[in-house]
Structure formats: C-alpha cells, structure tokens
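Asks: Take this structure, written in structure tokens, and hold onto it; I'll ask about it next.
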Amino acid sequence: MTYRKKQIFIYFVSLIVLCLFFSCSSTTEVEKNEKEVRYKSKPEKVIKSLDLVEREFISTSKIKTIEKVSFELTPAGKPINGEKYLTQNYNPKGFLIETITYNSDGTIQYKYNYTYDNNGTRIKTTRYDSSGKMTNYYKYDYNEFGNKVKAYSYVLDGNLEEYYTYEYDDDGNLIEEKWFSSSGDEVYNIETDYDNGIKTHTYTYDENGDLIYEYVFRYDEKGNIIEETKYNSNGLKVGIIQYVYKYH
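As structure tokens, then:
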C-alpha cells in the first residue's frame, strides 16, 4: 500500500469513527428518553435524530459488537488478506461504549471512549493510543434537530488539529461529510446516496474534488449492513468490507 493510499485509508477510518451511529459512554448511563425532533421545512413529519435512530435499532436488534474486516481482491475477484480494522462495542441499551481501530498487523491503533450528557447527546470523544495514553479529544456542535453539524479535534494542549462538517437532507439523512485542516484547507469529502432512507452508496473525494473510491452497501433481511464493495475511480472493484455481528 502506497503512502498516499495509506493516508487516504487513515482519513476514511477516522471519518467512520467520528460519524459512527452515536450512543452512550462507558461511564455515563443515560436514563432520560431522547426527544423526537421536527424539521421546520416539513412540520407535519416527525424525524428522530440519527443518534436516537441508531440506538433504537442497535438495542432492538440486541447487537453487542460490530466488527469490520477489509479484504483485498485477486484479479479473479476472490477476497484475500482479510484484516479487521474496526470494532464497535455497544451496551444493551444500544449505546456505543467503545470503538477500537487496528493496524494492518492486527495490533491496536487507537481506542475511542465517549461522554454524553443526560439527554443522550455526545459532548466529547477521547482517543487513546495502544499504550493507553490520551492523544486527542473531540467536541461537537449540533443543530436544533439534534444532529451533529461540526466536530473539532484537539491535541492535548488544546490546539485545534482539524475539524469536520456534516450536511443533511430534509429527511435528516447525512449526505455530506468534509474534513478540514486547522487552517481551513479541505482534505477529504464523503457524499452519501439513499433509497427511501436506506444508505446505498458513498463516494470519497480528495482535496481537489477528484473521486477516489465508491462504496456500495449490501444488507441482510434484518436491515443490518453486511458488506461494502469498494470501487476505484475507474469503476473497478478493488476491495470488500464485511461486517460481523455479535449479540447480547
């Protein structure tokens, strides 16, 4: 894997972590019911925040852990060299309690822990390296509908390292995520397509707006994502990401 591709992969994994379908911290139990929110553009339509939708789905499905495994493909299209690169752990209420990312050799790269207020809103994410040393923390801004619109990554001295913005459609679906350096230069962009509220495709672009990868999602009969197929900018299939579920 070239340095450029490795850098792009790190950006993508980090965005996944930051945009995970949010839940509760390991030290905070949220007892209050989250509110449903209404978009002013469609006052007759009740829309729940993405955080709440995800928590309800995870809790109802009794999902305990989601592991993501990345495969390369042979010229014949056969998956090879499977590498687990992400683990998400949930409690019985559907709250995310820990995210772990991995290096290519299977060792831990980072761990992320989450802190929420009494309304179930994520107010802080803390990142630790493999030795348990804190490296970064993240803060968030939300719109009036309870959806995250901006995230800030800080190093330990409090200086801004980078930030991220999030855009939604009128139905509350996340349609665009952007990654910026501390100076405001755009580094990365992800756009997402939906079909009746179901995520079908994501497209990743570099700082010049050029397409890097397209991901196509496949679901099981329960509505769980079970596979992402990865295509390069020429439309060639270059990889597969499989989801492994464990239950309470």
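Numbering (our numbering), first residue to last: 831 to 1078.
Each residue gets a CB set at the ideal place from its N, CA and C atoms; glycine is no exception.
1) Determine whether the beta carbon atoms of Gly936 and Lys969 lie at a separation below 8 Å.
2) CB-CB under 8 Å to Phe1010, same chain, minus the five flanking residues each way: which ones, in chain order?
3) Helix, strand or coil for Ser780 per DSSP?
4) In chain order, which beta strand (DSSP E) runs of at least 3 residues are fully inside the segment 1038-1063?
5) Identify which residue in Ile930, Lys1060, Leu990 has its Cα closest to the Cα of Thr1034.
6) Assign Lys978 to buried or exposed, taking buried as 16 or more other Cβ atoms, counted over all protein chains shown, within 10 Å of its Cβ.
7) Taking C-alpha atoms, which residue in Val883, Ile896, Thr956, Lys878 lies nearest to Ile1055?
8) Would DSSP call Glu1006 helix, strand or coil?
9) Kindly give me the distance between the Cβ atoms of Tyr920 and Ile893, rounded to whole angstroms, as I take these residues to be in contact under 8 Å.
10) Between Val1068 and the rest of its own chain, which residues show a CB-CB distance below 7 Å, the 5 nearest in sequence each way excluded?
11) Under the assumption that Ile1020 contacts Glu1007 (Cβ atoms under 8 Å), give the Cβ distance between them as a whole number of angstroms.
12) Might you give, ordered along the chain, the residues of its own chain that have their beta carbon closer than 7 Å to the beta carbon of Asp947, omitting 5 neighbours on each side?
13) Would DSSP call Asp1036 helix, strand or coil?
14) Using a Cβ-Cβ cut-off of 8 Å, state whether Tyr942 counts as contacting chain D.
15) Is DSSP giving Glu884 helix, strand or coil here?
16) Would you mind reading off the limits of the beta strand (DSSP E) that contains Asp971?
17) Please list the terminal residues of the continuous beta strand (DSSP E) segment that includes Gly936.
18) In the DSSP output, what is Lys980 paired with across the bridge?
19) In the DSSP output, which residue or residues are listed as bridge partners for Asn919?
20) I'd like to know whether the C-beta atoms of Tyr972 and Tyr958 end up nearer to each other than 8 Å.
Replies: The answer reads as follows:
1) Not closer than 8 Å, so no.
2) So the list reads Glu992, Tyr993, Tyr994, Thr995, Glu1016, Val1017, once near-sequence residues are dropped.
3) Nothing can be reported for residue 780, as the shown portion of the chain is limited to 831 through 1078.
4) 1041-1049, 1055-1062
5) Proximity to Thr1034 across Ile930, Lys1060, Leu990 peaks at Lys1060, based on C-alpha coordinates.
6) buried
7) Checked all of Val883, Ile896, Thr956, Lys878; the closest Cα to Ile1055 is Ile896.
8) strand
9) 6 Å
10) Leu903, Lys1060, Tyr1061, Asn1062
11) 5 Å
12) Ile953
13) Asp1036: coil per DSSP, three-state reduction.
14) In the displayed structure, chain D is absent; only one protein chain is listed.
15) helix
16) 964-972 is the span of the beta strand (DSSP E), which, as asked, contains Asp971.
17) From DSSP, Gly936 is part of no beta strand (DSSP E); its letter is neither H nor E.
18) Asp971, Thr995
19) Thr895, Glu928
20) No; because the gap between Cβ atoms is not below 8 Å, this pair is not in contact.
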